[in-house]
Structures are given as C-alpha cells and as structure tokens.
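*Asks:*
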Amino acid sequence: MTTRDLVLAALFTAIIIVLGFLPPVPIPLLPVPITAQSMGVMLAGCIIGAKRGALAYALLVVLVAVGLPVLSGGRGGLNVLMGPTGGYIFGWIIGAFVTGFLAEKLVREGQSATKQMAGFFVASVVGGIGVVYLCGMPWLSAVAGTPFPAVLTGSLAFIPGDLVKAAIATLAARAVTVGYPLLPARA
Amino acid sequence: MLTSLHVEGKSLLHRIPVKPKLFALMVFGLALYFVDQPLVLTAMLVATGLLYLSTGVGLSEGLRRLRPVLFTIAFLAAINLLLLSPEETLVTMLRLVAMLFLAAAVTASTTIADFMAAVTDLARPLERLGLMKAADLGLALGLVLRFVPEIAQRHEALKEAHAARGIPFKLSRMLGPLIISTLKDADRIAEAIDARGIRGQ
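Respectively, the protein sequence lines represent chains A and B.
In this text, residue positions in the first sequence follow the UniProt record's numbering: the first is 1, and each later residue adds one.
In this text, residue positions in the second sequence follow the UniProt record's numbering: the first is 1, and each later residue adds one.
(1) Let me see if you follow: with CB-CB separation under 8 Å, is B:ALA42 close to chain A or not?
(2) Only counting the same chain, and skipping five residues up and downstream in sequence, which positions put a Cβ closer than 7 Å to that of A:LEU106?
(3) Does A:MET1 come within less than 8 Å of chain B when only Cβ atoms are used?
(4) Measuring alpha carbon to alpha carbon, tell me which residue in B:LEU96, B:LEU143, B:PRO177 is nearest residue 207 of chain B.
(5) Please go through the same chain and pick out, in chain order, the residues whose beta-carbon is closer than 7 Å to the beta-carbon of A:THR114, but skip the five residues on each side of it.
(6) Cβ atoms of A:VAL66 and B:ILE112: under 8 Å apart, would you say?
(7) In angstroms, rounded to a whole number, what distance separates the CA positions of A:ILE168 and B:SER172?
(8) Kindly list the residues whose CB is nearer than 7 Å to the CB of A:GLY95, restricted to its own chain and excluding five residues on each side of it in sequence; keep chain order.
(9) Taking only beta-carbon atoms, is B:ARG199 less than 8 Å away from chain A?
(10) Can you find the residues in the same chain that come closer than 7 Å, C-beta to C-beta, to A:TYR180, ignoring five residues on each side of it along the sequence?
(11) Report the option in A:VAL176, A:CYS46, A:GLY86 whose CA atom is closest to the CA atom of A:LEU140.
(12) With a cut-off of 8 Å, do at least 3 Cβ pairs link the stretch 41-55 of chain B to the stretch 101-120 of chain B?
(13) With a CB to CB cut of under 7 Å and the five nearest residues on each side skipped, what residues in its chain are close to B:LEU25?
(14) Is the beta carbon of A:THR3 closer than 8 Å to that of B:ARG199?
(15) Any chance you could list the alpha helix (DSSP H) runs of at least 4 consecutive residues sitting entirely within the stretch 28-86 of chain A, in chain order?
(16) Using CA coordinates, which residue listed in A:ILE48, A:ARG52, A:ALA50, A:GLY74 is at the minimum distance from A:GLN37?
(17) Does the beta-carbon of B:ARG146 have 16 or more other beta-carbons within 10 angstroms, so that it is buried, or is it exposed?
(18) Taking the CB atoms as reference points, tell me whether B:VAL148 and A:ALA10 lie closer together than 8 Å.
(19) Just to check, is the beta-carbon of B:LEU137 closer than 7 Å to a non-hydrogen atom of the ligand PLP?
(20) Is the stretch 74-83 of chain A in contact with the stretch 153-169 of chain A, if contact means three or more CB pairs nearer than 8 Å?
(21) Among the residues of its own chain, which have a CB less than 7 Å from the CB of A:ALA187, if the five just before and after it don't count?
(22) Using a Cβ-Cβ cut-off of less than 8 Å, list which residues of the stretch 49-69 of chain B approach chain A; keep chain order.
(23) Let's see if you can read the secondary structure: which residues bound the alpha helix (DSSP H) around B:LYS10?
(24) Kindly provide the ranges of any alpha helix (DSSP H) runs that are 4 or more residues long and lie completely inside the stretch 84-113 of chain B, ordered along the chain.
(25) Taking the beta carbon of A:GLU104 as the centre, do at least 16 other beta carbons fall within 10 Å, making it buried, or is it exposed?
(26) What residues from chain B crowd round A:VAL62, counting only those whose CB sits closer than 8 Å?
(27) Nearest CA to the CA of A:LEU6: which residue from A:PRO147, A:ALA157, A:TYR57, A:GLY83?
(28) Measuring only the C-alpha atoms, how far is B:HIS14 from B:THR55?
(29) Taking Cβ-Cβ distances shorter than 9 Å, what residues in chain B pair up with A:LEU68?
(30) Is the separation between the beta-carbon of A:ALA175 and that of A:GLY100 shorter than 8 Å?
(31) Would you mind reading off the limits of the alpha helix (DSSP H) that contains A:GLN116?
(32) I need the boundaries of the alpha helix (DSSP H) containing A:LEU20, first residue and last residue.
(33) Could you tell me the alpha carbon to alpha carbon distance between B:ARG67 and B:LEU158, rounded to whole angstroms?
(34) Shortest alpha-carbon distance to residue 202 of chain B belongs to which of A:GLY154, A:PHE148, A:LEU63, A:ILE17?
(35) Among B:ALA78, B:VAL7, B:SER85, B:GLY29, which residue has its Cα nearest to the Cα of B:ALA59?
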C-alpha cells in the first residue's frame, strides 16, 4: 500500500464524515429521508476502487469504535457497533470492497458514457445495497430477535431510497471519472 | 465539530485499562444470550445503567447519546410484539439495552488515545499477514480528523458558489466537484508525508 493509497482512503473517510453532517434530504413519496452518508459506500467503491474503498470504511468503523460521533445524526461509540444495526455498519466495509471490485471490472476508459454509468450503477446496487443488506439483516434478526422474514419485508421500504442513492452515486462517480480518474485499473 | 464521547472522570471504570474493558464487554455480550429470566436481565440492566451513570455522563446527556439506538430498539420491539410472545420480546429488549448501557459506559470512560493504542495493538496480526502496517493506522486516522473541518469548509464554499449563481442546492450537483477538489490534494499530501519520512521506508 503506497502513501498515496493511504491518503486517498483517509480523505475519502473525511468526505464520508462530512456527508453525515448534511441534513437528510426528504424525497417526495418516500417515508425514509435520504442520508448522504450511506451513499458513501457506493461512492467509495466506484471512485477509489475496492482496496482503498474498503480501507476508507474500515477507518470510519475504527473512528466509531474509539468513540467519535462520526455517523450521521452524531452517532458513535461502541453501542452503535453492538446495537441492532451494527451489521450494516460492518457490512459497509465489505460493500465498499464489492462495489469497487465490480466497478474496476465493469468500467473502463474509452467506453461510452452510457456503458460507464451502467457499470457504476450495477456495482452500486450489488455492493452498496445487496452486500450491505446481506450483512445487516441477519445481524438485526439475531440481535433483536425479530424473525428474518419480517426484517426482509421491512427492508423493502428502504429499497426505493437506496436506488435513488445508487443513481446519484452513479452520476457523481461518472463526473469524477471524467474529471480525475482514480480507479486502480486505470491508475 | 467532532467532540469525543469520552467523559472526564476518575470513576472505577475510568481506572480500568482499555483492553480488559473491551474483553469484559465481549464476554458480557455473549453471556447475556444465555440468560432468559426477565428478572435477572432487569437486574443486569439496572446494574449496567448505574455503571454508565457512574462515568459522570449525566442523565440527560447519557440518554441523548443513546436516543437513536433506543429509538431503533423501541421500533423493533413494536414489530416483535406483533410476531412473538410478549415475554420473548421483553427478554430480547432487556438484553439489548443492558448491552448498550455497558458499551456506552466503556466508550464514555476511555480516552481516544487509550483506544488508539489498543486498536494499533489489535492491528498487529494484520501487519504479520502483510495487509497493512499497524503504525499506518494512526497516520491515516490523524489525516481523517485533520481534513474533516477542511472538507466541511469546502462544502460551504461550494454551496455559496451555487447560491451566488442562483442555482438551487442539489447534492448530486455538488458531489462531483467536492470529491474531485478534495482528492486532487492526495498527491501533494502523499509527497509531503514521504518527504518527511513519516512512514519510515
């Protein structure tokens, strides 16, 4: 791991923390407001790639564990990691890795804009939604005792909002790819 | 902007070193799953609650810190009540809250410096696997904390720039410039770190 990789990951962690300070954006017709922070998983994977993206989230989890209120709404501390939604937070690390892995495979320089956007969107949905939920839901079910089918049904309410996030992340990732490409495949 | 959740104090919990505290938290969390008497769990909840308060966090601040998690737990309890027996619901919720109190007590009674030392130690196995150097962790975390205020400032500047041009604020419009302008600094920072030989290579 070069110093540049380390710095890129650390800067991205700082961006994710700042995104958590922003007030949540209410989306018409959706019951759940959009917090910019959970979009970071998709952004990190698509923009700085699998290894650095996962490192950025690992750093965030360490900051939460050592007792800094870096999560949206000023949450932090061991109680968040051990609480019912802790699985989602650990899932972010794996989610960022998978998003990055897919983005590195799917998106290349010289592809048409549509192809690049499609690649980023698929990577965001699989890594940023699929993987995160796969880690979060069993944990929630185990810790809170809520039966798994109920957790699964309840999670569906968040999917539309997550798809909006994936779309925004796709736009941002494409803008960065054009302006300042960083995915390791092209580095 | 980022104030630590540590609470100054000299309570018993403050004086116990961080590693035994983390170990106790893990053991306690696992042990709780083998207890299903509501009365015993209530006693544990009261005990961990008192322990949390003994750190000197204060009742209102103590509850304020846990409010988001307690809200999630209350929501899950409402769902569990529909699907499970009231007793099962009560047992899992008592368990969860007792564990949260203890976790919050460990967080409140440990300084960031102590935590960092423990985290660096715990990262040593990763170093042996060749994944990363444990010392890099401290460097990276220092960088994060250093740049959070700067990025927040940059975000404000972008917002003002948009407002000055009469463009309504939109997250999707802002993310690209914010990320590019931040990451463009990476090379300069990396060079500065290497020039000072901070990573000792």
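Beta carbons: idealized from backbone N, C-alpha and C, even for Gly.
*Replies:* From the atom records:
(1) Reading off the sequence, residue 42 of chain B comes out as Thr, not Ala. Between B:THR42 and chain A, the shortest Cβ-Cβ separation is not below 8 Å.
(2) The residues are GLY119, VAL122, ALA123.
(3) Between A:MET1 and chain B, the shortest Cβ-Cβ separation is below 8 Å.
(4) Residue coverage of chain B in this structure runs from 1 to 201, which leaves residue 207 of chain B outside it and unanswerable.
(5) Around A:THR114: no qualifying Cβ.
(6) Yes. Within cutoff.
(7) Rounded to the nearest angstrom, the two C-alpha atoms are 6 Å apart.
(8) Once the five neighbours on either side are set aside, the close Cβ partners of A:GLY95 are VAL41, GLY127, GLY128, VAL131, VAL132.
(9) For B:ARG199, the nearest beta carbon of chain A is closer than 8 Å to its own beta carbon.
(10) Closer than 7 Å at Cβ, skipping near neighbours: no residue.
(11) That would be A:GLY86, whose Cα lies nearest to the Cα of A:LEU140.
(12) Result yes; three or more Cβ-Cβ pairs closer than 8 Å.
(13) The beta carbon of B:LEU25 sits closer than 7 Å to those of LEU102, ALA103, VAL106, all from its chain and outside the five residues before and after it, given in chain order.
(14) Contact: yes.
(15) Entirely contained in the stretch 28-86 of chain A, the alpha helix (DSSP H) runs reaching 4 residues are, in chain order, 40-48, 50-65, 78-82.
(16) Comparing alpha carbon positions, the residue from A:ILE48, A:ARG52, A:ALA50, A:GLY74 closest to A:GLN37 is A:GLY74.
(17) Exposed, by the Cβ-count rule.
(18) Taking C-beta atoms as the reference points, B:VAL148 and A:ALA10 fail to come closer than 8 Å.
(19) This structure simply doesn't include the ligand PLP, nor any ligand for that matter.
(20) These segments do not touch.
(21) Because the pLDDT at A:ALA187 is just 44, under 50, the model does not fix this residue reliably, and the value given afterwards should be weighed accordingly. For A:ALA187, where only same-chain residues beyond five positions count, there are no Cβ hits under 7 Å.
(22) Of all residues in the stretch 49-69 of chain B, only ARG65, LEU66, PRO68, VAL69 come within less than 8 Å of chain A when Cβ atoms are compared, listed by chain position.
(23) Careful: B:LYS10 lies outside any alpha helix (DSSP H) and carries neither H nor E.
(24) Whole alpha helix (DSSP H) segments, 4+ residues: 86-109.
(25) Buried is the call here.
(26) In chain order, VAL119, LEU137, LEU141 make up the part of chain B whose C-beta sits under 8 Å from the C-beta of A:VAL62.
(27) By alpha-carbon distance to A:LEU6, the top candidate from A:PRO147, A:ALA157, A:TYR57, A:GLY83 is A:TYR57.
(28) Our two residues, B:HIS14 and B:THR55, have alpha carbons roughly 7 Å apart in a direct line.
(29) Per Cβ cutoff of 9 Å: LEU2, THR3, SER4, LEU5, ILE112, LEU145.
(30) No; because the gap between Cβ atoms is not below 8 Å, this pair is not in contact.
(31) From DSSP, the alpha helix (DSSP H) with A:GLN116 extends over 113-123.
(32) According to the sequence shown, residue 20 of chain A is Gly rather than Leu. Bounds of the alpha helix (DSSP H) holding A:GLY20 are 3-21.
(33) Cα to Cα, the separation comes out at about 32 Å.
(34) Here chain B has residues from 1 to 201 only, and residue 202 of chain B is not among them.
(35) Contrary to the premise, residue 59 of chain B reads as Leu rather than Ala in this sequence. Comparing Cα positions, the closest option is B:VAL7.
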